[in-house]
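Colleague: Here it is, the structure, as structure tokens.
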Amino acid sequence: MGTNQSLPKITPQDHAILDLKLQRDKLRQYQKKIQAVLDREHAIAKAQIAEGKQDRALIALRRRKYQQGLLVKTDAQLENLEQLVSTIEFSLVEVSVLHGLEQGNEVLKEIHKEMNVESVERLLEETAEAREYQKVL
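Read in order, the letters of the sequence shown are residues 6 to 142 in our numbering.
Have a look at this one:
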């Protein structure tokens, strides 16, 4: 009747990656907002120069310069976030590989326990006896 499919469990690492990606998206939105302000300040400066109001144009250009500084800082933060996300994701892959290696090592140990020297010698003797018996027949 009911097929209970278990949902994938959300790990703290998944949650951290999601939070970082959300922060990245917010920074990108902020960059767009800053770019709009930059464009507006540039247009204001042009308009003020056309009207002969150089002092107002200088104020608009100063505000534009400030916004450019914010944009540079935002770019640096965005780069840091992206590097952090990449590092976390790669570390998760490394952990997965390490876990696989550990499991493989355990399986190999179990196989070696089953294949002790006496067992191999006994098997070789039985095989030799079976060959000799086959030759006799």
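From the three backbone atoms N, C-alpha and C, an ideal C-beta is built for every residue, glycine too.
Cα separation between residue 111 and residue 97?
Modeller: Computed Cα separation, rounded: 21 Å.
Colleague: Would you identify the three-state DSSP class for residue 85, choosing helix, strand or coil?
Modeller: Residue state, collapsed to three classes: helix.
Colleague: Residue range of the alpha helix (DSSP H) that residue 124 falls in?
Modeller: Where residue 124 is concerned, the enclosing alpha helix (DSSP H) stretches over 122-141.
Colleague: Taking 8 Å as the threshold (C-beta atoms), are residue 25 and residue 89 in contact?
Modeller: Contact flag set, yes.
Colleague: Considering just the uninterrupted stretch of the alpha helix (DSSP H) at residue 56, what are its terminal residues?
Modeller: Per DSSP, residue 56 belongs to no alpha helix (DSSP H) and is neither H nor E.
Colleague: Quick one: using the 10 Å Cβ neighbour count with 16 as the cut-off for buried, is residue 41 buried or exposed?
Modeller: Residue 41 comes out exposed.
Colleague: Assign residue 39 to one of two classes, buried (16 or more other C-beta atoms within 10 Å of its C-beta) or exposed (fewer than that).
Modeller: That one is buried.
Colleague: On the CB-based measure, 16 or more other CB atoms within 10 Å of its CB, does residue 107 come out buried or exposed?
Modeller: That one is exposed.
Colleague: Give a yes or no on whether the minimum CB-CB distance between residue 59 and chain D is below 8 Å.
Modeller: You won't find chain D in this structure, because it holds only one protein chain.
Colleague: Does DSSP put residue 114 in a helix, in a strand, or in coil?
Modeller: Of the three classes helix, strand and coil, the one that applies to residue 114 here is helix, per DSSP.
Colleague: Work out the CA separation of residue 50 and residue 65 for me, nearest whole Å.
Modeller: Taking the straight line joining both Cα atoms gives about 5 Å.
Colleague: Below 8 Å on the Cβ atoms is my guess for residue 36 versus residue 76; work out the distance and round it to an integer in Å.
Modeller: Their Cβ separation, rounded to whole angstroms, is 6 Å, which keeps residue 36 and residue 76 in contact under 8 Å.
Colleague: Is the CB-CB distance between residue 69 and residue 47 below 8 Å?
Modeller: Yes, they are a contact pair.
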